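K.L.:
Here the protein sequences line up with chains A and B, keeping their order.
Mapping of the first sequence onto the working numbering: residues 48 to 244, in sequence order.
Mapping of the second sequence onto the working numbering: residues 48 to 244, in sequence order.
2 protein chains.
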Amino acid sequence: MARIKIEKNSSRKEVIVSKAAALFREKGFKAASMRDLAESVGVEAASLYNHIKSKTELLHEICFGVANRFMHKMDEVESGSISAIEKVEQLIRFHIDEMVNHYEEVYVSDREWKHLADPYLSNFQTQRRMYRKRFAAIIEEGIRNKEIKKIDAPTAVLILLHAIGGIESWHRSTQKINASNLTDNMITILVGGLELK
Amino acid sequence: MARIKIEKNSSRKEVIVSKAAALFREKGFKAASMRDLAESVGVEAASLYNHIKSKTELLHEICFGVANRFMHKMDEVESGSISAIEKVEQLIRFHIDEMVNHYEEVYVSDREWKHLADPYLSNFQTQRRMYRKRFAAIIEEGIRNKEIKKIDAPTAVLILLHAIGGIESWHRSTQKINASNLTDNMITILVGGLELK
DNA sequence: AATATTTGCTAACATCCGTTAGTATATTAT
DNA sequence: ATAATATACTAACGGATGTTAGCAAATATT
Chain A
48 MARIKIEKNS
58 SRKEVIVSKA
68 AALFREKGFK
78 AASMRDLAES
88 VGVEAASLYN
98 HIKSKTELLH
108 EICFGVANRF
118 MHKMDEVESG
128 SISAIEKVEQ
138 LIRFHIDEMV
148 NHYEEVYVSD
158 REWKHLADPY
168 LSNFQTQRRM
178 YRKRFAAIIE
188 EGIRNKEIKK
198 IDAPTAVLIL
208 LHAIGGIESW
218 HRSTQKINAS
228 NLTDNMITIL
238 VGGLELK
Chain B
48 MARIKIEKNS
58 SRKEVIVSKA
68 AALFREKGFK
78 AASMRDLAES
88 VGVEAASLYN
98 HIKSKTELLH
108 EICFGVANRF
118 MHKMDEVESG
128 SISAIEKVEQ
138 LIRFHIDEMV
148 NHYEEVYVSD
158 REWKHLADPY
168 LSNFQTQRRM
178 YRKRFAAIIE
188 EGIRNKEIKK
198 IDAPTAVLIL
208 LHAIGGIESW
218 HRSTQKINAS
228 NLTDNMITIL
238 VGGLELK
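1) Name the two residues that bound the continuous alpha helix (DSSP H) containing residue 170 (chain A).
2) Take the Cβ of residue 201 (chain B) as the centre, count every other Cβ of all protein chains shown within 10 Å, and call the residue buried at 16 or more, exposed below.
3) Within 10 angstroms of its Cβ, does residue 191 (chain B) collect 16 or more other Cβ (buried), or is it exposed?
4) Helix, strand or coil: which one does DSSP assign to residue 236 (chain A)?
5) Are residue 134 (chain B) and residue 189 (chain B) closer than 9 Å when you measure CB to CB?
6) Check the C-beta distance from residue 70 (chain A) over to residue 110 (chain A) and give it rounded, since I have them as a contact under 8 Å.
7) How many Å lie between residue 198 (chain B) and residue 232 (chain A) at the Cα?
8) I need the boundaries of the alpha helix (DSSP H) containing residue 93 (chain B), first residue and last residue.
9) Taking only the alpha-carbon atoms, compute the straight-line gap between residue 158 (chain B) and residue 193 (chain A) and give it to the nearest angstrom.
10) Does the stretch 83-100 of chain A come close enough to the stretch 162-178 of chain A to have 3 or more Cβ pairs within less than 8 Å?
11) What would DSSP say about residue 109 (chain B), mapped onto helix, strand or coil?
12) Would you report the Cα separation of residue 155 (chain A) and residue 72 (chain A), rounded to the nearest angstrom?
13) When Cβ atoms are compared, which residues of the stretch 65-97 of chain B fall closer than 7 Å to chain A?
14) Could you work out which residue in A:75, A:99, A:114 and A:138 is closest to residue 62 (chain A) when comparing CA atoms only?
15) Let me see if you follow: with CB-CB separation under 9 Å, is residue 203 (chain B) close to chain A or not?
16) Pull out every residue of the stretch 169-183 of chain A whose Cβ sits closer than 9 Å to any Cβ of chain B, in chain order.
17) Can you name, in chain order, every residue of its own chain whose Cβ lies under 8 Å from the Cβ of residue 204 (chain A), other than the five neighbours on each side?
18) Please list the partners that residue 199 (chain A) has in chain B, where partner means a Cβ-to-Cβ separation under 8 Å.
19) Taking only beta-carbon atoms, is residue 191 (chain A) less than 9 Å away from chain B?
20) At the 9 Å Cβ level, is residue 127 (chain A) part of the contact set with chain B, yes or no?
21) Between residue 81 (chain B) and residue 151 (chain B), what straight-line distance do the alpha-carbon atoms span, to the nearest angstrom?
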């Protein structure tokens, strides 16, 4: 009877959520079974239910964990007294950082949130919409201040967010440039594309 | 006994594939059941198998249909005698066009190809890798010609492709700007970000 | 009109899924 | 050491899934 191994300051539930993120990323939420997850945790499927309520709860944990971190960062950036273009750059850097350091969770939150069940689903969608609105508002501020090209701000946000999501492919690519070079390249292209020179 | 309605010059199989694309886009490949598909086609699940071999075949059809169109366009663009930055713009415009006009198929091909079975899976991955290599080569050509900023070309390709994938969100958004405005905005940001001025 | 082919239907299959019940064992608290 | 709690196990459930077999009806061909 091998117990789930835990690090200091972490619960068994957290271990399960973390393994679930890796599995959901690899196979997709629907295609990943609780038996798969159990195997990756090193335990029988039924045993998981001593720690979690349901498969969907795992998805909640992952998605809202990520969403909360982004919302918190948005609060921080918004309240800073820096230029709009610097705010944009700061947000982009945070996104890339999150993608690099919490790859599995961010990826799953991005691609698998559809499988959340109400009321979590609506909740998540609302948060996501709010985040984009706030991001777009920063860009519009930049346009008013003549820091940023006259473009459609919501479109710019879509482009930025999805471009960053592309790190997914980079993450598993063999010929990796390092993370800081990657970030600089992205900033060059994305911020360079926005900036009014 | 209601037959599957077909337009002129289209087979029943094509109708099924098209409905499948819409369903796979909405629910994801794994979550969409053959019974769901049958209902959307207006027929019983078993009847589908008079026209197709398997659920996976539907995914093949969708993914390779899209991949072939992109490969064909790449051939055409590569052989044109225009500047590298114009080639990039032409490819981006094609991507956006495809995303707008064949939304469901392109989306599914982008997000659900993981569920292809070998040998189709490896085949698809290879094609995808080749496409990106050829795209990157164009960007590198542009860098050598001093049309494009000195950036990591594969990274630029990732950014471009994923940014365009973001039209997905635009497609279902209520407050749409029209397709041609959208395209212009994307070109401004993306090509503007690449261009060496 | 008769025949052959295509396309649909119902019924059922084997398998996999998430989850629960009941029980045994390991850890923690007394 | 004993009791209480946390965690694991085996077994099984009800339901969904992709698919097949066998048959009936619609259409196409002769």
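Cβ atoms here follow ideal geometry from the backbone N, Cα and C, with glycine treated the same way.
Just so we're clear, the structure is a prediction, and the values are computed from it rather than from any experiment.
P.N.:
With the given structure in hand:
1) As a first step, residue 170 (chain A) must be located in the first sequence, where it is residue number 123. Residue 170 (chain A) -> alpha helix (DSSP H) spans 167-191.
2) Locating residue 201 (chain B) in the second sequence gives position 154, counting from the first residue. Label assigned to residue 201 (chain B): buried.
3) Translated into positions along the second sequence, residue 191 (chain B) becomes position 144. By the 10 Å Cβ count, residue 191 (chain B) comes out exposed.
4) Numbered from its first residue, the first sequence carries residue 236 (chain A) at position 189. Of the three classes helix, strand and coil, the one that applies to residue 236 (chain A) here is helix, per DSSP.
5) Position 87 of the second sequence, counted from the first residue, corresponds to residue 134 (chain B). Position 142 of the second sequence, counted from the first residue, corresponds to residue 189 (chain B). A contact, by the Cβ cut-off of 9 Å.
6) For the purposes of this step, residue 70 (chain A) is identified with residue 23 of the first sequence, where counting begins at 1. For the purposes of this step, residue 110 (chain A) is identified with residue 63 of the first sequence, where counting begins at 1. With a Cβ gap of about 15 Å, residue 70 (chain A) and residue 110 (chain A) do not count as contacting.
7) Translated into the one-based positions of the second sequence, residue 198 (chain B) becomes position 151. Translated into the one-based positions of the first sequence, residue 232 (chain A) becomes position 185. Rounded to the nearest angstrom, the two C-alpha atoms are 6 Å apart.
8) Indexing the second sequence from 1 puts residue 93 (chain B) at position 46. From DSSP, residue 93 (chain B) is part of no alpha helix (DSSP H); its letter is neither H nor E.
9) The sequence position of residue 158 (chain B) within the second sequence is 111, counting from 1. The sequence position of residue 193 (chain A) within the first sequence is 146, counting from 1. Between residue 158 (chain B) and residue 193 (chain A), the C-alpha separation is close to 37 Å.
10) no
11) Residue numbering aside, residue 109 (chain B) sits at position 62 when the second sequence is read from its first letter. Correct three-state label for residue 109 (chain B): helix.
12) The residue you call residue 155 (chain A) lines up with position 108 of the first sequence. The residue you call residue 72 (chain A) lines up with position 25 of the first sequence. Taking the straight line joining both Cα atoms gives about 5 Å.
13) 75, 77 and 78
14) The residue labelled residue 62 (chain A) in the question sits at position 15 within the first sequence. Residue 62 (chain A) has its Cα closest to that of A:99, out of A:75, A:99, A:114 and A:138.
15) On the second sequence, residue 203 (chain B) is found 156 positions in, with the first residue counted as 1. Cβ-Cβ to chain A under 9 Å: yes for residue 203 (chain B).
16) 179
17) On the first sequence, residue 204 (chain A) is found 157 positions in, with the first residue counted as 1. Taken in chain order, the residues that qualify are 179, 182, 183 and 186.
18) Along the first sequence, one-based indexing puts residue 199 (chain A) at 152. Going along chain B in sequence order, the residues near residue 199 (chain A) (Cβ under 8 Å) are 224, 228, 229 and 232.
19) Your numbering for residue 191 (chain A) matches position 144 in the first sequence. Answer no: the Cβ-Cβ gap between residue 191 (chain A) and chain B never drops below 9 Å.
20) For the purposes of this step, residue 127 (chain A) is taken as the residue at position 80 of the first sequence. Closer than 9 Å: no.
21) If you number the second sequence from 1, residue 81 (chain B) lands on position 34. If you number the second sequence from 1, residue 151 (chain B) lands on position 104. Residue 81 (chain B) and residue 151 (chain B): Cα-Cα distance of roughly 17 Å.
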